[in-house]
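Throughout, the working numbering is defined as the position within the first sequence, counted from one, plus 446.
Presented below is the structure to which this report refers.
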Amino acid sequence: MSVKIYNTLSRKKEVLKPLEPNHIKLYVCGITSYDYCHIGHARSALAFDMIVRYLRYLGKEVTYIRNFTDIDDKIIARAAEQKTSTEELANRFIDEFYVDMDKLGVDRPTMEPKATEHIQEMTDLIGELIDKDMAYPSHGDVYYRVGSFAEYGKLSGRKLEDMQAGARIQVNENKDDPMDFVLWKASKPGEPSWSSPWGDGRPGWHIECSAMSRKYLGDTFDIHGGGQDLIFPHHENELAQSEAANNKPYVNMWIHHGFVTIRDEKMSKSLGNFLTIRDILKHYHPEVLRFFIFSTQYRNPLDFSETAMQNAMTGLDRLYECLAAVERLTGECAAESKQVASAKDIKKLETMEERFQSAMNNDFNTALAQGILFESAKVINKITRQITDLPPQADYDLLIQAVATIKKLGAIMGILQENAGEYLSAKKSAMLAEIAISEEDIQELILERKQAREDKNWGRSDEIRDQLLKHRIELNDSAEGTGWSIKKS
RNA sequence: GGCGGCGUAGCCAAGCGGCUAAGGCACUGGUCUGCAAAACCAUGAUUCAGCGGUUCAAAUCCGCUCGCCGCCUCCA
Numbered sequence: 447m448s449v450k451i452y453n454t455l456s457r458k459k460e461v462l463k464p465l466e467p468n469h470i471k472l473y474v475c476g477i478t479s480y481d482y483c484h485i486g487h488a489r490s491a492l493a494f495d496m497i498v499r500y501l502r503y504l505g506k507e508v509t510y511i512r513n514f515t516d517i518d519d520k521i522i523a524r525a526a527e528q529k530t531s532t533e534e535l536a537n538r539f540i541d542e543f544y545v546d547m548d549k550l551g552v553d554r555p556t557m558e559p560k561a562t563e564h565i566q567e568m569t570d571l572i573g574e575l576i577d578k579d580m581a582y583p584s585h586g587d588v589y590y591r592v593g594s595f596a597e598y599g600k601l602s603g604r605k606l607e608d609m610q611a612g613a614r615i616q617v618n619e620n621k622d623d624p625m626d627f628v629l630w631k632a633s634k635p636g637e638p639s640w641s642s643p644w645g646d647g648r649p650g651w652h653i654e655c656s657a658m659s660r661k662y663l664g665d666t667f668d669i670h671g672g673g674q675d676l677i678f679p680h681h682e683n684e685l686a687q688s689e690a691a692n693n694k695p696y697v698n699m700w701i702h703h704g705f706v707t708i709r710d711e712k713m714s715k716s717l718g719n720f721l722t723i724r725d726i727l728k729h730y731h732p733e734v735l736r737f738f739i740f741s742t743q744y745r746n747p748l749d750f751s752e753t754a755m756q757n758a759m760t761g762l763d764r765l766y767e768c769l770a771a772v773e774r775l776t777g778e779c780a781a782e783s784k785q786v787a788s789a790k791d792i793k794k795l796e797t798m799e800e801r802f803q804s805a806m807n808n809d810f811n812t813a814l815a816q817g818i819l820f821e822s823a824k825v826i827n828k829i830t831r832q833i834t835d836l837p838p839q840a841d842y843d844l845l846i847q848a849v850a851t852i853k854k855l856g857a858i859m860g861i862l863q864e865n866a867g868e869y870l871s872a873k874k875s876a877m878l879a880e881i882a883i884s885e886e887d888i889q890e891l892i893l894e895r896k897q898a899r900e901d902k903n904w905g906r907s908d909e910i911r912d913q914l915l916k917h918r919i920e921l922n923d924s925a926e927g928t929g930w931s932i933k934k935s
């Protein structure tokens with residue numbers, strides 16, 4: 447089975463064929479660190495986290511590089527506002543980024559180079575481009591000569607003429623052509639700067655990724671990723687720089703994920719409709735956010751709403767309830783009992799992993815993959831439901847195996863990784879903290895109701911149940927006694 | 001204006017030329033229960049924005065129309 451990935455460059459799904467057998471080299475554009483990260487950043491980090499985890503699950507070696515842009519116009523402006531240095535500001539938000547990533551359980555990439563630590567690599571690359579006359583110095587800046595790169599526009603599917611016709615290009619008399627973009631910027635007084643053959647300055651944005659990817663992954667590597675908004679100009683320009691400098695293809699496959707929207711609009715600071723990762727995690731378990739993000743395929747837009755998050759939570763709870771039922775089994779089995787699972791049930795569970803893989807192999811279809819987990823949970827519930835006392839050995843083995851598989855597959859999306867019982871009880875106590883009744887009071891009322899029920903005093907029994915329901919406490923009677931849960935508001 | 005994407009049941013979402021159009025949430029009926037809840041079972045799109053076309057066969061391919069979104073300026 448092979449992994450198929452939608453390649454932005456070819457606009458088709460292609461089979462992933464690493465340059466080195468079984469070793470995939472991946473570069474992803476990370477954050478520009480000047481503020482807290484929002485859900486869009488979370489989607490980016492989680493999408494590639496999932497992709498890397500899946501490829502590793504398949505037994506492939508993955509070298510995963512994700513950079514930090516720690517010098518740019520915004521960082522300079524924000525640092526000035528806050529009367530601090532760009533370095534201090536950038537580092538502070540890199541630390542905050544890690545706080546969020548750790549909470550989300552995002553694995554660290556193999557390496558996370560910072561732009562400011564690779565100035566030499568960038569100036570070397572710029573020098574090579576100048577030598578080839580693909581770039582030219584002008585008044586302390588250096589520009590890339592877009593018109594000299596015949597294939598310019600091949601990633602984003604644009605033609606130079608089209609862009610010039612309608613684009614809002616700011617006039618810059620230093621450029622030979624308005625479409626040329628900056629590789630090196632002369633620094634203004636007071637701005638951070640590094641020395642270069644063209645005078646003191648700082649790198650343009652695009653050059654850092656070309657320089658760092660070349661250093662860590664080579665002239666040509668397998669996959670380059672980022673958000674769809676990076677296709678143009680960022681990735682188009684990277685491609686132009688790298689291919690012109692190296693005379694080799696830059697990247698085999700480009701992966702671009704979709705945006706998180708709110709009320710179907712892209713989140714942005716100017717619209718004021720963005721939510722930070724920590725805002726979300728105040729109200730939701732990190733796995734709920736992961737579950738939500740993977741409820742659609744990574745290339746589709748994903749609309750954030752409270753309702754959607756509630757749905758995600760309900761769905762995740764359902765899976766945990768299923769796991770918890772199996773976790774409660776003690777391991778003690780009934781001797782010589784007939785297996786309750788039907789041949790069809792057994793087949794569904796036995797093919798779960800295979801079906802999951804085929805979903806993921808098709809451009810990381812996590813939505814379908816989640817569906818397979820739900821189908822499996824349904825089968826497990828059906829079996830556990832039929833087991834009244836001790837489970838037959840064959841069923842027990844099947845359930846344990848199925849749950850282990852669900853957890854293993856869940857790990858790729860980073861869900862279902864907690865002990866189910868603990869997850870559910872932690873959730874319960876968190877919700878309990880929000881309502882005006884204590885666990886002791888609940889237990890007391892349950893006890894009183896138990897007595898009432900034994901006395902067949904249904905009136906009092908129902909009264910207690912209604913009373914608890916007012917506090918959003920829902921009772922459920924079963925063979926083992928009365929349990930309770932908290933209803934969503 | 002140019003480029004790209006999307007439009008599938010009340011909502012979310014798979015499906016990428018051919019088995020009964022996955023799955024989730026919500027709803028309804030049944031089993032269970034003293035009654036409930038949970039769980040399980042059952043039920044819902046003769047139809048995939050609309051109109052044409054290609055094909056033995058289309059939600060899936062092509063064309064046009066309508067609607068929505070993104071990129072073309074920093075952006076995940």
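Ideal Cβ placement from N, Cα and C applies to all residues, glycine included.
Anticipated Cβ contact below 8 angstroms, residue i with residue j, distance rounded
i: Lys794; j: Ser822; result: 7 angstroms
i: Asp546; j: Arg724; result: 6 angstroms
i: Pro695; j: Phe627; result: Wrong, their Cβ atoms sit about 21 angstroms apart, outside the cutoff.
i: Val592; j: Met625; result: 5 angstroms
i: Lys506; j: Asn468; result: 5 angstroms
i: Ile511; j: Pro649; result: The pair is not a contact, with the Cβ atoms about 17 angstroms apart (cut-off 8 angstroms).
i: Leu601; j: His681; result: 6 angstroms
i: Gly486; j: Val734; result: Incorrect: roughly 17 angstroms between the Cβ atoms, too far for contact.
i: Asn808; j: Lys463; result: Contact flag wrong, Cβ pair sits at about 16 angstroms.
i: Leu663; j: Thr509; result: 7 angstroms
Nearest to residue i (by Cα), restricted to the options the options
i: Asn620; options: Pro583, Ser594 and Glu637; result: Pro583
i: Ile540; options: Tyr480, Leu775, Ile881 and Gly645; result: Tyr480
i: Arg764; options: Lys873, Glu682 and Arg745; result: Lys873
i: His853; options: Lys506, Ala866, Tyr842 and Leu535; result: Sequence check: residue 853 is Lys here, not His. Minimum Cα distance to Lys853 is reached at Ala866.
i: Lys790; options: Ser448, Gln743, Leu769 and Val825; result: Val825
i: Arg918; options: Ser884, Lys896 and Ala898; result: Ser884
i: Glu868; options: Thr928, Glu767, Glu684 and Ile846; result: Glu767
i: Leu769; options: Ala781, Met699 and Gln863; result: Gln863
i: Ile850; options: Leu914, Pro638, Asp923 and Glu799; result: This sequence places Ala at residue 850; Ile is not what is there. Considering only alpha carbons, the answer is Glu799.
i: Ile881; options: Gln803, Gln785, Leu915 and Thr707; result: Leu915
i: Leu893; options: Leu870, Trp930 and Leu878; result: Trp930
i: Ala879; options: Trp630, Glu796 and His729; result: His729
i: Glu637; options: Leu504, Ala523 and Asp923; result: Ala523
Burial state of residue i (16 or more Cβ within 10 Å)
i: Val461; result: exposed
i: Leu979; result: No information on residue 979 is available, as it lies outside the stretch 447 to 935 that the chain covers here.
i: Ile932; result: buried
i: Phe595; result: buried
i: Phe518; result: Note that residue 518 is Asp in the sequence shown here, rather than Phe. Asp518 should be labelled buried.
i: Arg895; result: buried
i: Glu926; result: exposed
i: Phe738; result: buried
i: Pro837; result: buried
i: Arg429; result: Only positions 447 to 935 of the chain appear in the structure, and residue 429 is not among them; the question remains open.
i: Ala781; result: exposed
i: Arg736; result: buried
Distance, residue j Cα to residue i Cα
i: Ile858; j: Ser716; result: 34 angstroms
i: Gly673; j: His702; result: 5 angstroms
i: Lys459; j: Arg604; result: 20 angstroms
i: Ile833; j: Leu844; result: 13 angstroms
i: Thr515; j: Asn811; result: 30 angstroms
i: Glu533; j: Glu527; result: 14 angstroms
i: Gly612; j: Leu606; result: Low per-residue confidence applies at Gly612: pLDDT is 45, beneath 50, and the placement is therefore not dependable, though the value from the model is reported in the following sentence. Answer to the nearest angstrom: the Cα atoms are 11 angstroms apart.
i: Tyr598; j: Ala686; result: 6 angstroms
i: Ile521; j: Thr478; result: 8 angstroms
i: Ser448; j: Leu501; result: 11 angstroms
i: Arg911; j: Gly761; result: 26 angstroms
i: Gly645; j: Met568; result: 14 angstroms
i: Ala805; j: Leu814; result: 6 angstroms
i: Leu571; j: Ser531; result: 27 angstroms
i: Asn693; j: Ala488; result: 35 angstroms
i: Gly586; j: Ala691; result: 21 angstroms
i: Ile708; j: Ser741; result: 16 angstroms
i: His484; j: Ser714; result: 10 angstroms
i: Tyr544; j: Asp901; result: 58 angstroms
In chain order, which alpha helix (DSSP H) runs of at least 4 residues are fully inside the region 504-556? 519-527 and 532-550
Ranges of the alpha helix (DSSP H) found wholly within the region 763-825, counting only runs of at least 4: The DSSP assignment places 789-796 and 798-807 as complete runs of the alpha helix (DSSP H) inside the region 763-825, in order along the chain (cut-off: 4 residues).
Run through the region 666-745 for me and flag every whole beta strand (DSSP E) of 3 or more residues, listed as ranges in chain order. 667-673, 697-703 and 706-708
Taking the runs of the beta strand (DSSP E) that are 3 residues or longer, which of them lie wholly in the region 447-489? Segments of the beta strand (DSSP E) lying fully in the region 447-489: 450-453, 458-461 and 469-474.
Could you name each continuous alpha helix (DSSP H) segment of 4 residues or more that falls completely within the region 837-895, going from the start of the chain to the end? Qualifying alpha helix (DSSP H) stretches, in chain order: 839-859 and 866-878.
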